[in-house]
Amino acid sequence: MDNWKKEVIYQIYPRSYASASGKAIGDIAGINSKLGYIQELGIERIWLSPFFKSPMKDYGYDVADYVKVDEMFGTNEDLFKLVKDSRSKGMNLIIDQVYNHTSDEHEWFINSAAGGDKKDWYVWADAKEDGSPPNNWLSIFGGSAWQWNSQRQQYYLHQFLKEQPDLNFNNEEVINAILDVAEYWLSNGVNGFRLDTAHCYTQDKDLRDNPPLKDARFFGENSVNPYFRQNHLYDVDYKRNVPFFEKLRKITDKYEDTFVVGEVGGNEQLDSLCRYTQKGNRLHSVYIFCFLSEFTTDDLYEVFEYLDENLEDGYPCWALSNHDVMRAASRGQAPQNLQDDYNRCMMTLLLCMRGVPCIYQGEELGLPEVDISFDELQDPYGKEFWPEYKGRDGCRTPMPWKSDIEYGGFSTEKPWLPVPAEHKQLAVDLQEKDPTSMLWFTRGILQWRKQQSAILDGDMQLVKTEASNVFAFIRQAAEQRIFFAFNYSAKEISIELPQAVGEQIVVNDFFGKSSLSGNKLSMPPYGVFMSAAK
């Protein structure tokens, strides 16, 4: 069954969602206390970012025990209760799995560094004759991707922090151990996984140097991080990951309502989306970064034109915000008086494109990025490239639940990151009382979406207009055909609809500001137009 194709995912970053204990860090019990809120929002599947035992050098993405909940978040029993309670409210739960690397405090790495029976479970290599690293590969978090280990007198690969050594996916014992981890969570009721950095699992066996990346566009973190100046042909082997995905899919298919989505970045993410989701025996979907940074309507057309030609039977997963990038509400740089319209436009686009949408916590409130001072910064990535790149903490601040309580009702003690005044002004309790709020809008469009077969089951046909800032398409199923147009600009636009659109009647524009006269469509700044064929 492909029910997952009709679902909307809600991503929760556990450290920052809700603290039932009142402590500085969010916990699983706090998430459980908010299930009613998530259900009312209209969500079918919840994705939890890492909550596993970890020294927290990368805030849980450095896993020290794959099958144990870190005590700061609660217990395994708390997690199993969350699974059960979510299901009782009609929602399934998927969890992050960080298979590319572990913490250097994981017992596997300690054994491997000592030359024990797991000596080949990580990517080890000898130094060059002059003692330098084996090749020019770089860490995403800065510097060489190789760290010298004096105990083994070798380098180990770490594509992220040096405390995050890469597992060796050329070793069948490693693959079997990872599959056992997956089986553990599935057998305890979890309904699938989001695979962190799924494109990074395998590397070139000959450890060849990466060539420079030519004709690259540098913006945001890319402009200050030398990692993005390489063409990652050899440290990231996109093609050789497929056999592992097929083995993982065999396990997940034994359980009902499972969904496995891989996170894929890098130079070949669109190709990987197609490759990793083909044939129905690999990943259900792939989550890419095309719309998680600055993009234009040309970029939107380019992505979907590529997928039209290459996706075959695969299916994408889309997000505009997550725990690693600037919040979508701030990326668009909309004028303050048009911010609400921009937020609604982006939410509607996310929910109406063909693919599985992911809403990141707080996106339903229209939360902007927070400007974190260096003194308050926690993110090691941000500390490395400050101040040109300020890291990921600005999108990870605690959820504001109450406007008139210190720390926004997230906790009773000072949280690990600040709750700014501008977020408290957008708190859940205030938006609950305001039918014109972003929260009410999100609930409304999510409920509307559930009734639209063209969105749930339909294909997607791109429509080009003469306006450079308009993105338009048709979603069509057997019994319904809906035309969508998005004005991705701060200016009013008037366009003539192409003949392919046909005669239209308005079904619901959720804005009440666009107008259609004959075939001439007028749209306000960040306007959205929806109509059905007569």
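Residue 533 is where the sequence shown ends in numbering that gives the first Met the number 0, and the numbering goes up by one at each step. For every residue, glycine included, the Cβ atom is placed at its ideal position computed from N, Cα and C.
Let me confirm a value: T435 is counted as buried when at least 16 other C-beta atoms fall within 10 Å, else exposed. Which label applies?
In the sequence shown, the residue the question calls residue 435 occupies position 436. In this structure T435 is exposed. Its beta-carbon is surrounded by fewer than 16 other beta-carbon atoms within 10 angstroms.
Starting from D64, trace the beta strand (DSSP E) both ways and give me its first and last residue.
Indexing the sequence shown from 1 puts residue 64 at position 65. In the DSSP annotation of this structure, the continuous segment of the beta strand (DSSP E) that includes D64 starts and ends at D64 to V68.
Could you have a look at N91 and say whether DSSP puts it in helix, strand or coil?
Taking the first residue of the sequence shown as position 1, residue 91 is located at position 92. Residue state, collapsed to three classes: strand.
Per-residue DSSP class, three states only, for Q146:
For the purposes of this step, residue 146 is taken as the residue at position 147 of the sequence shown. Here Q146 sits in strand by DSSP.
Grab me the residues of D95's own chain with a C-beta within less than 6 Å of its C-beta, minus the 5 sequence neighbours each way, in chain order.
On the sequence shown, residue 95 is found 96 positions in, with the first residue counted as 1. Once the five neighbours on either side are set aside, the close Cβ partners of D95 are S48, P49, R193 and D195.
Am I right that P164 and Y155 are in contact with their C-beta atoms under 8 Å? What's the rounded C-beta distance?
As a working note, residue 164 is residue 165 in the sequence shown. As a working note, residue 155 is residue 156 in the sequence shown. Yes, P164 and Y155 are in contact; Cβ-Cβ is about 5 Å, under 8 Å.
Spatial neighbours of S15 within its chain, please: C-beta separation below 6 Å, excluding the five flanking residues on both sides.
For the purposes of this step, residue 15 is taken as the residue at position 16 of the sequence shown. Contacts found: G25, R395 and P397.
With a floor of 3 residues, list each beta strand (DSSP E) that falls wholly inside the stretch 194-270, ordered by position along the chain.
Counting whole runs of 3 or more residues, the stretch 194-270 contains the beta strand (DSSP E) stretches 258-263.
Would you identify the three-state DSSP class for V469, choosing helix, strand or coil?
Residue numbering aside, residue 469 sits at position 470 when the sequence shown is read from its first letter. Strand.
Which of the three DSSP states is assigned to K5 in this structure?
Locating residue 5 in the sequence shown gives position 6, where the first residue counts as 1. Look at K5 here: in three-state DSSP terms it is helix.
In its own chain, which residues sit with a C-beta less than 6 Å from the C-beta of A466, not counting the 5 before and 5 after it?
Residue mapping note: residue 466 aligns to position 467 of the sequence shown, counting from 1. The residues are I492 and I494.
Take the Cβ of A113 as the centre, count every other Cβ of all protein chains shown within 10 Å, and call the residue buried at 16 or more, exposed below.
For the purposes of this step, residue 113 is taken as residue 114 along the sequence shown, with counting starting at 1. Classification of A113: exposed, given that the 10 Å Cβ count is below 16.
Beta-carbon gap between Q38 and K88 smaller than 8 Å
For the purposes of this step, residue 38 is identified with residue 39 of the sequence shown, where counting begins at 1. For the purposes of this step, residue 88 is identified with residue 89 of the sequence shown, where counting begins at 1. Remark: C-beta atoms of Q38 and K88 approach each other more closely than 8 Å.
In this structure, what does DSSP give as the bridge partners for G191?
In the sequence shown, residue 191 corresponds to position 192, counting from 1. Here G191 is bridged, per DSSP, to F258.
Can you tell me whether F218 is buried or exposed, with buried defined as 16 or more other CB within 10 angstroms of its CB?
The residue labelled residue 218 in the question sits at position 219 within the sequence shown. The pLDDT assigned to F218 is 47, lower than 50, so where the model puts this residue is not dependable; a value taken from the coordinates is nonetheless given after this. Per the 10 Å Cβ criterion, exposed.
Residue ranges of each beta strand (DSSP E) run of no fewer than 3 residues wholly in the stretch 259-336, ordered along the chain?
The stretch 259-336 contains these whole beta strand (DSSP E) runs: 284-287 and 315-318.
How is A124 classed by DSSP in three states: helix, strand or coil?
Position 125 of the sequence shown, counted from the first residue, corresponds to residue 124. Strand.
Run through the stretch 420-477 for me and flag every whole alpha helix (DSSP H) of 4 or more residues, listed as ranges in chain order.
Taken in chain order, the complete alpha helix (DSSP H) segments of 4 or more residues contained in the stretch 420-477 are 420-423, 427-431, 437-448 and 452-455.
Taking its Cβ as the centre, do 16 or more other Cβ atoms sit within 10 Å of F528, making it buried, or is it exposed?
Here residue 528 is taken as the residue at index 529 of the sequence shown, counted from 1. The residue in question, F528, is buried, as its Cβ has 16 or more Cβ neighbours within 10 Å.
What does the alpha-carbon distance come out to for the pair Y60 and A23?
If you number the sequence shown from 1, residue 60 lands on position 61. If you number the sequence shown from 1, residue 23 lands on position 24. A direct Cα-Cα distance of roughly 19 Å separates Y60 from A23.
Exposed or buried, which one is P414 when buried takes at least 16 other CB atoms within 10 Å?
As a first step, residue 414 is located in the sequence shown; it is residue number 415 there, counting from the start. Flag for P414 reads buried.
Measure the C-alpha to C-alpha separation of E262 and S513 and round it to an integer number of angstroms.
As a first step, residue 262 is located in the sequence shown; it is residue number 263 there, counting from the start. As a first step, residue 513 is located in the sequence shown; it is residue number 514 there, counting from the start. For E262 and S513, the distance between alpha carbons rounds to 36 Å.
Report all residues from its chain with a CB closer than 7 Å to the CB of G73; omit the five preceding and five following residues, and keep chain order.
By one-based count along the sequence shown, residue 73 stands at place 74. Only residues of its own chain outside the window of five on either side were considered, and among them D26, I27 and A28 have a CB closer than 7 Å to the CB of G73, listed in chain order.
What do you reckon, are the CB atoms on N230 and L212 nearer than 8 Å?
Numbered from 1 along the sequence shown, position 231 holds the residue referred to as residue 230. Numbered from 1 along the sequence shown, position 213 holds the residue referred to as residue 212. Yes, Cβ-Cβ distance for N230 and L212 is below 8 Å.
Same chain only: Cβ atoms within 6 Å of Y286, ignoring 5 sequence neighbours per side
Locating residue 286 in the sequence shown gives position 287, where the first residue counts as 1. Sequence-distant partners of Y286 (beyond 5 residues in either direction) whose C-beta falls short of 6 Å from its own C-beta, in its chain, are V260, E262 and C316.
If we ignore side chains and look at the alpha-carbon of each, how far apart do C357 and D270 end up?
As a position in the sequence shown, residue 357 is number 358, starting the count at 1. As a position in the sequence shown, residue 270 is number 271, starting the count at 1. Linking C357 to D270 through their CA atoms gives a straight-line distance of about 21 Å.
When you compare only the Cα positions, how much space is there between Y314 and L438?
The sequence position of residue 314 within the sequence shown is 315, counting from 1. The sequence position of residue 438 within the sequence shown is 439, counting from 1. Taking the straight line joining both Cα atoms gives about 28 Å.
Taking L291 as the reference, give the member of V418, D179, F51 and Q268 with the closest Cα.
Locating residue 291 in the sequence shown gives position 292, where the first residue counts as 1. Just measuring C-alpha positions, the residue of V418, D179, F51 and Q268 sitting nearest L291 is Q268.
Measure the C-alpha to C-alpha separation of K238 and R151 and round it to an integer number of angstroms.
Locating residue 238 in the sequence shown gives position 239, where the first residue counts as 1. Locating residue 151 in the sequence shown gives position 152, where the first residue counts as 1. Each residue's Cα considered, the two are about 30 Å apart.
Going by C-alpha to C-alpha distance, which of I139, L178 and E182 sits closest to E161?
Counting from 1 along the sequence shown, the entry for residue 161 is found at position 162. It is worth fixing the name first, because residue 161 is Lys in this sequence and not Glu. Per the C-alpha coordinates, the member of I139, L178 and E182 positioned closest to K161 is I139.
Under the three-state DSSP convention, the category L160 falls into:
What you label residue 160 is simply residue 161 of the sequence shown in a count that begins at 1. L160 carries a coil assignment under DSSP once its states are collapsed to helix, strand and coil.
For the stretch 439-447 and the stretch 339-348, state whether three or more C-beta atom pairs, one from each stretch, are separated by less than 8 Å.
Yes, the stretch 439-447 touches the stretch 339-348.
Am I right that Q460 and F472 are in contact with their C-beta atoms under 8 Å? What's the rounded C-beta distance?
Translated into the one-based positions of the sequence shown, residue 460 becomes position 461. Translated into the one-based positions of the sequence shown, residue 472 becomes position 473. F472 and Q460 do touch by the CB rule: their CB atoms are close to 6 Å apart, below 8 Å.
Measure the Cβ-Cβ separation of A484 and L520 and say whether it is below 8 Å.
As a working note, residue 484 is residue 485 in the sequence shown. As a working note, residue 520 is residue 521 in the sequence shown. Yes, the Cβ-Cβ distance between A484 and L520 is below 8 Å.
Helix, strand or coil for F528 per DSSP?
Working through the sequence shown from its first residue, we reach residue 528 at position 529. DSSP, read as helix, strand or coil, puts F528 in strand.
Residue range of the unbroken beta strand (DSSP E) whose run includes W46:
Walking along the sequence shown from the start, residue 46 turns up at place 47. That run of the beta strand (DSSP E) goes R44 to L47.
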